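Numbering (this note's numbering), first residue to last: 8 to 255. Backbone N, C-alpha and C define an ideal beta-carbon position, used for all residues, glycine too. All of these numbers come straight from a predicted model, not from anything done at the bench. All remarks here apply to the structure that follows.
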């Protein structure tokens, strides 16, 4: 559990840092240092000495996506950033609004943008909902959904996740695994018996009733789906009896 949560903290910190660079209109690039370990150690890299991808690898891959949405809560609502680091222009319908952890939505709006190659655009949305029980979101076809959740996960009360594998399909030597949950699930991940297996994405956020398909590369073993609870369960301290007395 310690290794799991420590690794996710690493991913969250690195992913947030790099997203914050890309969110800035006056930032023209970022340098990510210490990509892989050159000897076996406990370090801050995202690929270990044996070329196994660490948990944080997937957080960084999402942070550096060539087509990306970023949303940040701000005074009077939220700021949405649309990034296109591909050589092709595209037009996208950006759907924004507020969503509770159980999937109810409010303050919905859609903005259509034409985004030039290797460029970014930003726009403001006016929303004023309760961020203790939900989040602002931005979504579009061809993009990962973005949310405004930027706080200690232990400070939120999330509903218990019912995440499950809906479908497993063979695609050449790969498996396509579709997962879904009816409530907001911060950390869902697939595992097989071999930690060297590569996924196109993992340790993902599941949004209420939004399916997510993950590619498992060169694998015939059906993975097992896990959910990492954002709030650790408290253990009761065992009673300790002082020898020779009735005091505990």
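Exercise. Residue 57 and residue 45: beta carbons closer than 9 Å?
Worked result: no
For this session: Could you check if residue 198 is buried or exposed, using at least 16 other CB atoms within 10 Å of its CB as the buried criterion?
Result: exposed
Exercise. How close, in whole Å, do the beta carbons of residue 108 and residue 118 come, if the pair is a contact with beta carbons under 8 Å?
Worked result: The Cβ separation is near 25 Å, so there is no contact.
For this session: Figure out for me which residue from 157, 99, 80 has the closest Cα to the Cα of residue 136.
Result: 80
Exercise. Is residue 113 helix, strand or coil by DSSP?
Worked result: strand
For this session: Find the nearest neighbour of residue 78 within the set 169, 175, 144, judged by alpha-carbon distance.
Result: 144
Problem set entry | Contact between the region 83-99 and the region 33-52 (3+ Cβ pairs under 8 Å) | no
For this session: Scan the region 39-82 and note each continuous alpha helix (DSSP H) run of 4 residues or more that stays entirely inside, going in chain order.
Result: 62-70
Problem set entry | Own chain, CB closer than 6 Å to residue 53, minus 5 neighbours either side, in chain order | 61, 63, 64, 67
Exercise. By Cβ distance, which residues of its chain are closer than 6 Å to residue 229, with the 5 residues on each side in sequence left out?
Worked result: 175
Problem set entry | DSSP-derived helix/strand/coil call for residue 183 | strand
For this session: Could you say if the region 177-189 and the region 210-222 meet the contact criterion of at least three C-beta pairs nearer than 8 Å?
Result: yes
Problem set entry | Through-space distance from residue 76 to residue 256, alpha-carbon basis | With the chain covering 8 to 255 only, the question about residue 256 has no answer from this structure.
Exercise. Does the distance from the C-beta atom of residue 115 to that of residue 102 stay below 9 Å?
Worked result: yes
Exercise. Any idea if residue 69 is buried or exposed, counting beta-carbon neighbours within 10 angstroms, 16 or more meaning buried?
Worked result: buried
For this session: Buried or exposed for residue 18, please, with buried defined as at least 16 other CB atoms from any protein chain shown within 10 angstroms of its CB.
Result: buried
For this session: Tell me residue 196's beta-bridge partners as DSSP assigns them.
Result: 233
Exercise. Does the beta-carbon distance from residue 215 to residue 190 come in below 9 Å?
Worked result: yes
Problem set entry | Local conformation of residue 31 per DSSP, three classes | coil
Exercise. Do you know offhand how far residue 122's Cα is from residue 95's?
Worked result: 9 Å
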